[in-house]
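These protein sequences, in sequence, are chains A and B.
Numbering follows our numbering, with no gaps: position 251 of the first sequence is 687.
Numbering follows our numbering, with no gaps: position 290 of the second sequence is 726.
From the three backbone atoms N, C-alpha and C, an ideal C-beta is built for every residue, glycine too.
Because the structure is a prediction, the values reported are computed rather than measured.
There are 2 protein chains.
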Amino acid sequence: MRVELLTVGDELLLGDTVNGNAAWLGRRLADHGVEVTRSVVVGDETDVIVEAVTSALGRADAVITTGGLGPTYDDLTRDALAKAAGVALVRDPALERRLRERSAASGRGLQPMAMRMAEVPEGAGLLHNSAGTAPGLRVELPGGVAYALPGVPFEMRTIMDEVVLPELAGIAGLPAVARRTLRTAGLWESVVATRLAEVEAMDGIRLAYLPDPAEVKIRITAAGPDAPGRLATAGTRVRELLGPAVYGTDDETLDRVVHRLLAERGAGVAVAESLTGGLIGAELTAMPGSSATYAGGIVSYATELKARLLGVPEDLLAEHGAVHPDVAAAMAAGVRDRLGAAYGLSVTGVAGPEPQDGRPVGTVYIGLAGPGNLRTVAEPRLPVPGSGPEIRAVIRRMTVVHALDLLRRTLLGLGPVDGDGDARAGREECG
Amino acid sequence: MRVELLTVGDELLLGDTVNGNAAWLGRRLADHGVEVTRSVVVGDETDVIVEAVTSALGRADAVITTGGLGPTYDDLTRDALAKAAGVALVRDPALERRLRERSAASGRGLQPMAMRMAEVPEGAGLLHNSAGTAPGLRVELPGGVAYALPGVPFEMRTIMDEVVLPELAGIAGLPAVARRTLRTAGLWESVVATRLAEVEAMDGIRLAYLPDPAEVKIRITAAGPDAPGRLATAGTRVRELLGPAVYGTDDETLDRVVHRLLAERGAGVAVAESLTGGLIGAELTAMPGSSATYAGGIVSYATELKARLLGVPEDLLAEHGAVHPDVAAAMAAGVRDRLGAAYGLSVTGVAGPEPQDGRPVGTVYIGLAGPGNLRTVAEPRLPVPGSGPEIRAVIRRMTVVHALDLLRRTLLGLGPVDGDGDARAGREECG
Chain A
437 MRVELLTVGD ELLLGDTVNG NAAWLGRRLA DHGVEVTRSV VVGDETDVIV
487 EAVTSALGRA DAVITTGGLG PTYDDLTRDA LAKAAGVALV RDPALERRLR
537 ERSAASGRGL QPMAMRMAEV PEGAGLLHNS AGTAPGLRVE LPGGVAYALP
587 GVPFEMRTIM DEVVLPELAG IAGLPAVARR TLRTAGLWES VVATRLAEVE
637 AMDGIRLAYL PDPAEVKIRI TAAGPDAPGR LATAGTRVRE LLGPAVYGTD
687 DETLDRVVHR LLAERGAGVA VAESLTGGLI GAELTAMPGS SATYAGGIVS
737 YATELKARLL GVPEDLLAEH GAVHPDVAAA MAAGVRDRLG AAYGLSVTGV
787 AGPEPQDGRP VGTVYIGLAG PGNLRTVAEP RLPVPGSGPE IRAVIRRMTV
837 VHALDLLRRT LLGLGPVDGD GDARAGREEC G
Chain B
437 MRVELLTVGD ELLLGDTVNG NAAWLGRRLA DHGVEVTRSV VVGDETDVIV
487 EAVTSALGRA DAVITTGGLG PTYDDLTRDA LAKAAGVALV RDPALERRLR
537 ERSAASGRGL QPMAMRMAEV PEGAGLLHNS AGTAPGLRVE LPGGVAYALP
587 GVPFEMRTIM DEVVLPELAG IAGLPAVARR TLRTAGLWES VVATRLAEVE
637 AMDGIRLAYL PDPAEVKIRI TAAGPDAPGR LATAGTRVRE LLGPAVYGTD
687 DETLDRVVHR LLAERGAGVA VAESLTGGLI GAELTAMPGS SATYAGGIVS
737 YATELKARLL GVPEDLLAEH GAVHPDVAAA MAAGVRDRLG AAYGLSVTGV
787 AGPEPQDGRP VGTVYIGLAG PGNLRTVAEP RLPVPGSGPE IRAVIRRMTV
837 VHALDLLRRT LLGLGPVDGD GDARAGREEC G
């Protein structure tokens with residue numbers, strides 16, 4: 437079964453919105469063994485939407501549209517589907533009643549344009565929306581079926597999971613392919629690809645590399661007879677070839693791995709941040725239940741706060757500035773002691789775009805203080821991405837990954853980065 | 437001039453990567469008056485890429501591709517463009533030399549597959565890549581011109597800005613449309629749309645609404661004669677109709693506005709975070725130079741840290757738990773005093789997905805302590821988005837926006853949220 441995605445909205449063509457809906461849908465469908473073969477974005481124009489739906493169904497069995505089902509004048513997907521099916525838009529009495537009830541319950545009064553959301557192409561099926569007002573639509577067209585979902589992400593996801601996916605999975609039957617993603621930190625993409633050449637050559641195995649700042653995710657796809665068995669063999673070989681740079685599988689993000697390793701040891705971490713401004717804490721609190729292994733942190737952005745809040749010696753700061761390995765070490769010990777955690781993790785560095793205290797952009801020190809006398813400072817060699825304004829975001833993101841990965845390696849007993857051959861290779865090569 | 441975008445990569449169809457390149461390109465082209473009329477994603481298959489390029493040039497004057505120019509076997513854009521043009525791939529001697537030089541300089545040795553990056557379709561123009569190894573390509577095809585750019589964002593952006601945009605803008609001439617985005621915080625999309633109905637009806641004016649958690653951006657497009665004048669008139673009317681909910685224009689994000697207002701007053705802010713875990717600090721350090729008006733912060737995620745690090749009375753925490761207006765007020769005053777800033781901003785609340793201390797998901801208190809006796813606590817009514825795992829990210833994001841907006845309003849002398857009619861409306865309606 438082949439499915440295409442069609443996202444509707446000028447804001448996507450103009451780049452005001454990133455197409456997160458298409459990414460979510462692609463992932464969800466792949467996980468259910470349904471193949472997305474193309475993804476198209478068009479603007480808010482009825483005829484263009486009609487053409488895009490029709491041509492998608494010339495290639496695929498179904499098209500899933502998102503966007504254009506709201507209450508405003510630029511919401512035209514309903515009109516386009518009616519036109520593609522050669523039917524009229526009719527007002528659905530049950531939807532009209534529901535809109536009036538929700539409006540009365542909210543006490544806000546019915547917005548004049550809201551009633552557009554009660555109109556549906558004649559004969560269309562309604563896909564129940566338990567998360568919002570506008571339902572999705574199922575419209576049978578000559579080439580196949582069109583599912584129209586709202587653009588609001590949590591409404592789209594709810595209808596997809598509750599209605600559309602069960603229906604599609606039922607039609608498509610069992611998946612003929614098996615997929616897994618292995619996640620690595622600290623290796624360059626080209627190094628990963630070279631090391632995995634023999635896996636790439638395995639029968640029925642396909643690899644894709646998904647690089648992020650300081651991370652490479654490797655998606656392994658196995659096809660053909662005994663796809664799960666082939667996948668397991670390939671996965672084992674990838675782990676052997678990459679060693680402890682592989683930190684997790686599929687949705688097992690680095691923060692989740694760190695939380696799990698801390699929980700297994702009955703330990704918690706506190707974080708002292710400078711150039712990241714709170715990003716490490718934000719990452720460590722993304723997961724529900726993270727308070728079991730993350731206590732809190734101190735963002736000592738101004739240099740004098742490193743002394744005042746974390747006890748970094750003032751003469752050290754005066755002599756070397758804030759970006760120095762000894763400052764990172766003192767920050768880590770300071771936050772550990774002041775917050776009473778087993779581990780203290782710290783970062784100080786230059787996010788750019790300008791150098792600081794005579795240190796070039798991309799200079800980063802990561803400190804870790806742990807039980808006993810554990811003290812580590814790592815200096816990842818960050819590849820500085822050009823010279824544009826995006827440097828800052830990329831360097832901050834790479835710093836978050838390297839900091840969490842240093843904690844992970846230490847918890848796994850891989851030792852400080854300097855003492856570990858694979859990690860040192862990672863440092864020289866890390867991207 | 438009409439341009440289509442073609443993004444190549446299985447990882448995008450599978451949803452492992454969000455299509456940030458297409459968003460950036462759409463924005464950049466729109467800012468230069470070039471209209472993107474369609475954006476397509478296809479997988480790593482030569483024939484599919486050939487068909488997509490050809491059909492794009494059947495509709496538009498140019499197609500810009502990203503991705504598929506790297507060194508691995510799944511990088512097929514070069515092959516596809518050669519096939520579409522009916523020419524062979526040839527090795528470019530200058531590119532080969534550059535690859536060998538870069539490899540020697542890095543000391544890493546030439547990866548076996550890297551030499552693929554020296555191959556180009558015969559007759560293609562090379563687009564200089566000052567940020568990386570693989571150049572972009574310009575290939576003239578029967579229907580128009582194809583520009584092929586790498587998928588690595590900073591390389592793609594560099595080639596676009598340095599080579600492709602000047603070329604396209606020169607061909608397209610001056611823009612016939614004028615655009616501006618007004619940014620609002622604290623209003624629902626449907627309320628914004630209803631209030632702006634008269635602007636929607638203005639001659640030659642088109643509005644698009646771009647909702648984000650707790651924000652709505654309004655993109656105003658003026659077309660036809662005197663587009664800049666029409667745009668100015670419409671923009672003024674939008675500001676009149678929405679009042680101080682409009683906080684900025686175009687790229688003027690809320691954190692930038694807050695930094696500017698603080699700088700004008702010679703003041704700084706310190707932040708005490710709980711449910712956001714560091715996101716507010718991360719937002720306030722996204723901009724270069726933010727240390728002038730942001731000192732740092734304390735992430736008191738564990739309840740006992742609110743007492744220990746911020747001086748929140750222990751009996752208050754024992755009686756009401758961590759999610760309480762008086763706790764927010766004490767956190768704000770505590771972080772202000774301990775970090776020595778003019779303003780202290782705090783958040784405490786329930787991000788979900790489970791209730792906490794008997795408070796439902798979405799309960800959030802924002803505290804602000806300022807010069808003199810300024811003390812404010814706001815309780816934004818956050819619409820809880822369904823019940824899925826995405827709740828947590830959305831509520832955290834809404835909390836960041838409401839916190840920064842409370843600081844903005846206070847700095848502008850709009851007073852505490854309760855005393856301001858428009859702000860109160862915003863609270864009742866905020867999304």
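For residue i, go through chain A and note every residue whose CB falls closer than 9 Å to its CB, in chain order.
i: R675(B); result: By Cβ distance, chain A contributes nothing, its closest Cβ being about 19 Å from R675(B), past 9 Å.
i: R463(B); result: L450, G451, D452
i: D446(B); result: R642, A644, R655, T657
Using CA coordinates, which residue listed in the options is at the minimum distance from residue i?
i: G568(A); options: V575(A), A582(A), E447(A), M553(A); result: M553(A)
i: L448(B); options: E471(A), M437(A), V444(A); result: E471(A)
i: V613(B); options: G660(B), A621(B), G622(B); result: G660(B)
i: L745(B); options: S736(B), L441(B), L753(B); result: S736(B)
i: A650(A); options: E576(A), M437(A), L840(A), M767(A); result: L840(A)
i: G561(B); options: G757(B), L573(B), V627(B), G587(B); result: L573(B)
i: D483(A); options: L517(A), T502(A), R464(A); result: L517(A)
i: A637(B); options: T443(B), R666(B), G808(B); result: R666(B)
i: A718(B); options: T835(A), L577(A), D597(A); result: T835(A)
i: L697(A); options: R438(A), L848(A), M551(A), W460(A); result: L848(A)
i: L585(A); options: S566(A), Y801(A), A703(A); result: S566(A)
Can you tell me whether residue i is buried or exposed, with buried defined as 16 or more other CB within 10 angstroms of its CB?
i: A498(B); result: buried
i: N455(B); result: buried
i: T685(B); result: exposed
i: R832(A); result: buried
i: C866(A); result: Any reading at C866(A) must be qualified, since the residue scores a pLDDT of 33, below 50, and its modelled position is unreliable; no value is offered.
i: E591(B); result: buried
i: P602(B); result: exposed
i: A768(B); result: buried
i: P647(A); result: buried
i: T672(B); result: exposed
i: H468(A); result: exposed
i: A859(A); result: Here A859(A) scores only 34 on pLDDT, less than 50, and its place in the model is too uncertain to base an answer on.
i: P807(B); result: exposed
Under 9 Å Cβ-Cβ, which residues of chain B neighbour residue i?
i: S626(A); result: G506, P507, T508, R544, Q547, M549, A550
i: P724(A); result: A787, G788, P789, E790, P825, R828
Could you have a look at residue i and say whether DSSP puts it in helix, strand or coil?
i: L646(A); result: strand
i: A668(A); result: helix
i: L465(B); result: helix
i: E471(B); result: strand
i: A764(B); result: helix
i: V759(B); result: coil
i: G494(A); result: helix
i: G733(A); result: strand
i: G785(A); result: strand
i: E651(B); result: strand
i: P877(A); result: In the structure as shown, chain A begins at 437 and stops at 867. Residue 877(A) is therefore absent and cannot be evaluated.
i: E634(A); result: helix
i: T501(A); result: strand
i: V627(B); result: helix
i: R701(B); result: coil
Mind pulling the chain A residues with CB within less than 7 Å of residue i?
i: L775(B); result: L741
i: G713(B); result: G717, A718, L720, T721
What in chain B is Cβ-close to residue i, meaning under 7 Å?
i: K653(A); result: D452
i: Y737(A); result: T721, S727, Y730, A731, G732
What does residue i reach in chain B if we use C-beta pairs closer than 8 Å?
i: E598(A); result: What E598(A) touches in chain B: nothing, since even the nearest Cβ is about 11 Å away.
* Asked: Quick one: any contact between the segment 663-681 of chain B and the segment 684-700 of chain A, if contact means 3 or more CB pairs under 8 Å?
  -> With the cut-off at 8 Å, the segment 663-681 of chain B and the segment 684-700 of chain A do not touch.
* Does the segment 765-779 of chain A touch the segment 725-735 of chain A, meaning 3 or more C-beta pairs lie closer than 8 Å? -> Between the segment 725-735 of chain A and the segment 765-779 of chain A, the count of C-beta pairs closer than 8 Å reaches three or more; the two stretches touch.
* Is it true that the segment 485-496 of chain B meets the segment 503-515 of chain A, where meeting means three or more beta-carbon pairs spaced less than 8 Å apart? -> The segment 485-496 of chain B vs the segment 503-515 of chain A: no contact.
* To do: Report yes or no: do the segment 761-770 of chain A and the segment 796-815 of chain A share at least 3 C-beta pairs separated by less than 8 Å?
  => When Cβ pairs closer than 8 Å are counted between the two stretches, the segment 761-770 of chain A is seen to touch the segment 796-815 of chain A, the count reaching three or more.
* Cβ contact check for the segment 635-653 of chain A and the segment 514-532 of chain B: 3 or more pairs under 8 Å -> The answer is no - the segment 514-532 of chain B does not touch the segment 635-653 of chain A, with fewer than three Cβ pairs under 8 Å.
* To do: For the segment 614-634 of chain A and the segment 531-546 of chain A, state whether three or more C-beta atom pairs, one from each stretch, are separated by less than 8 Å.
  => Flag = no, the segment 614-634 of chain A and the segment 531-546 of chain A do not touch.
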